[in-house]
Amino acid sequence: MTKNYKNILIFGHSNIGDVCYDLAVVYPLRRAYPDARISFVTSKKSSRLGIVVSGVDELIIFDKHGEDKGITGYLRFIRKIRSCKFDLGIILRDMQMYYFFNIPAIVKLKKSDVRDNTYHVAQKYMRLLSKLGIEAKEPKYEFKFSDKQINYIKQLFLTHKVTKDTFKVGIMPLAGWALKCWPVEHWNTLIDKLSEEFKAKIFLIGKTGSIEWEKQFKQKISSKAVTLIDNSSIDESSVLIHNMDLFIGPDTSFLHLASCMRIPTVGLYGATDSEFIYPFFHKEYITNSRGELECMPCYPGTNGGSCKSKGPGPCMEKITPEEVMEKIKQVLKK
């Protein structure tokens, strides 16, 4: 390292799943610059995730759909960043605004690096830090939780009679894109199997949207699971995930968060390419759809708008509960 930076800006993404990997740069930066002030820019929603990662001194909200919307909002935000007098900027998203931040040292991915699928995005960020002379072989995180979060999980476990010997399974069944979801009937079969074979206590988290299918899903989901869907905040969900023995879900934000927390993670993939973006620490536990459909995967690809399904994609329907159980048993053997 040629310079001892004191005031570092990390400009991250707005979605929780992306932010999980954006925050991978915090630990190596903190180790390299222990006395520096590290600020992280993200959306209001994803800022809640930044709170639980050790090493971030300040969270800066970029609300491009609210107060930072339009030319006036952008200019106000730029003035705010300039007033902070950062001496190093780590730009993790594709944007041009950073040209106006007046930060003397900037590192960012080249467009060719972004398009290169040889490396997971978390690995790309580790390679990016090498431009600063920081050698980090793989992402590492340290998490922290407030007293409020700790009390929440204690009370939740007390209410549902969870002990230290209980096998605890977290599930996020709903994704922001319905085609990535798994049918409710499959989830119910899996919940039955987990309850019967492992006496598991199962917690469902996530949020429904405006799609009618999601509302029906919530009504049809098995009562054998503790349903916290639409009833748990990001703060509560993050501490819940951290206290699970296993986490299952389609390609969603909390699937990636669970993997970053080193919780054994089983991902269900069909609509999205598991080689493109996967739970970094648990790629080997992905259950890929065996459906041989010409349109697979929708993303990344050219078939994103071709599927007529209003709910789970036909590719996701091809994943059987038995396949997922087999993967779970592989996880538990380790």
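Residue numbers for the sequence shown follow this note's numbering, so the first one is 3 and each next one is one higher. Where a beta carbon is used, it is the ideal one built from N, C-alpha and C, also for glycine.
Buried versus exposed, by CB contacts within 10 Å (16 or more), residue i
{"i": "residue 216", "result": "buried"}
{"i": "residue 120", "result": "exposed"}
{"i": "residue 222", "result": "exposed"}
{"i": "residue 341", "result": "With the chain represented from 3 up to 336, any question about residue 341 goes unanswered, as that position is not in the structure."}
{"i": "residue 118", "result": "exposed"}
{"i": "residue 101", "result": "exposed"}
{"i": "residue 211", "result": "exposed"}
{"i": "residue 77", "result": "exposed"}
{"i": "residue 71", "result": "exposed"}
{"i": "residue 165", "result": "exposed"}
{"i": "residue 15", "result": "buried"}
{"i": "residue 36", "result": "exposed"}
{"i": "residue 284", "result": "buried"}
{"i": "residue 20", "result": "buried"}
{"i": "residue 266", "result": "buried"}
{"i": "residue 329", "result": "buried"}
Sub-9 Å separation of residue i and residue j beta-carbons
{"i": "residue 79", "j": "residue 99", "result": "yes"}
{"i": "residue 1", "j": "residue 181", "result": "Because the chain in this structure spans residues 3 to 336, residue 1 falls outside the shown range and cannot be described."}
{"i": "residue 255", "j": "residue 271", "result": "no"}
{"i": "residue 184", "j": "residue 319", "result": "yes"}
{"i": "residue 136", "j": "residue 13", "result": "no"}
{"i": "residue 207", "j": "residue 160", "result": "no"}
{"i": "residue 69", "j": "residue 151", "result": "no"}
{"i": "residue 224", "j": "residue 190", "result": "yes"}
{"i": "residue 41", "j": "residue 54", "result": "no"}
{"i": "residue 64", "j": "residue 85", "result": "no"}
{"i": "residue 127", "j": "residue 263", "result": "no"}
{"i": "residue 168", "j": "residue 195", "result": "no"}
{"i": "residue 250", "j": "residue 227", "result": "no"}
{"i": "residue 43", "j": "residue 11", "result": "yes"}
{"i": "residue 173", "j": "residue 209", "result": "no"}
{"i": "residue 158", "j": "residue 130", "result": "no"}
{"i": "residue 27", "j": "residue 94", "result": "yes"}
{"i": "residue 39", "j": "residue 17", "result": "no"}
{"i": "residue 252", "j": "residue 323", "result": "no"}
{"i": "residue 23", "j": "residue 106", "result": "no"}
{"i": "residue 33", "j": "residue 56", "result": "no"}
{"i": "residue 248", "j": "residue 333", "result": "yes"}
DSSP three-state assignment for residue i, whether helix, strand or coil
{"i": "residue 292", "result": "coil"}
{"i": "residue 21", "result": "helix"}
{"i": "residue 134", "result": "helix"}
{"i": "residue 45", "result": "coil"}
{"i": "residue 39", "result": "strand"}
{"i": "residue 283", "result": "helix"}
{"i": "residue 1", "result": "Only positions 3 to 336 of the chain appear in the structure, and residue 1 is not among them; the question remains open."}
{"i": "residue 250", "result": "strand"}
{"i": "residue 231", "result": "coil"}
{"i": "residue 170", "result": "strand"}
{"i": "residue 213", "result": "coil"}
{"i": "residue 104", "result": "coil"}
{"i": "residue 225", "result": "coil"}
{"i": "residue 176", "result": "coil"}
{"i": "residue 164", "result": "coil"}
{"i": "residue 97", "result": "coil"}
{"i": "residue 72", "result": "helix"}
Residue i versus residue j - alpha carbon distance
{"i": "residue 289", "j": "residue 192", "result": "14 Å"}
{"i": "residue 50", "j": "residue 335", "result": "34 Å"}
{"i": "residue 259", "j": "residue 61", "result": "18 Å"}
{"i": "residue 88", "j": "residue 314", "result": "45 Å"}
{"i": "residue 83", "j": "residue 188", "result": "48 Å"}
{"i": "residue 278", "j": "residue 122", "result": "7 Å"}
{"i": "residue 268", "j": "residue 321", "result": "13 Å"}
{"i": "residue 346", "j": "residue 74", "result": "As displayed, the chain neither begins before 3 nor continues past 336, which places residue 346 out of reach and without an answer."}
{"i": "residue 25", "j": "residue 138", "result": "14 Å"}
{"i": "residue 286", "j": "residue 124", "result": "17 Å"}
{"i": "residue 147", "j": "residue 47", "result": "17 Å"}
{"i": "residue 132", "j": "residue 109", "result": "10 Å"}
{"i": "residue 261", "j": "residue 214", "result": "30 Å"}
{"i": "residue 6", "j": "residue 198", "result": "57 Å"}
{"i": "residue 162", "j": "residue 325", "result": "29 Å"}
Residues that residue i bridges to, as DSSP identifies them
{"i": "residue 2", "result": "Outside the displayed span of the chain (3 to 336) sits residue 2, for which this structure offers no information."}
{"i": "residue 109", "result": "92"}
{"i": "residue 271", "result": "290"}
{"i": "residue 61", "result": "42"}
{"i": "residue 204", "result": "171"}
{"i": "residue 145", "result": "55"}
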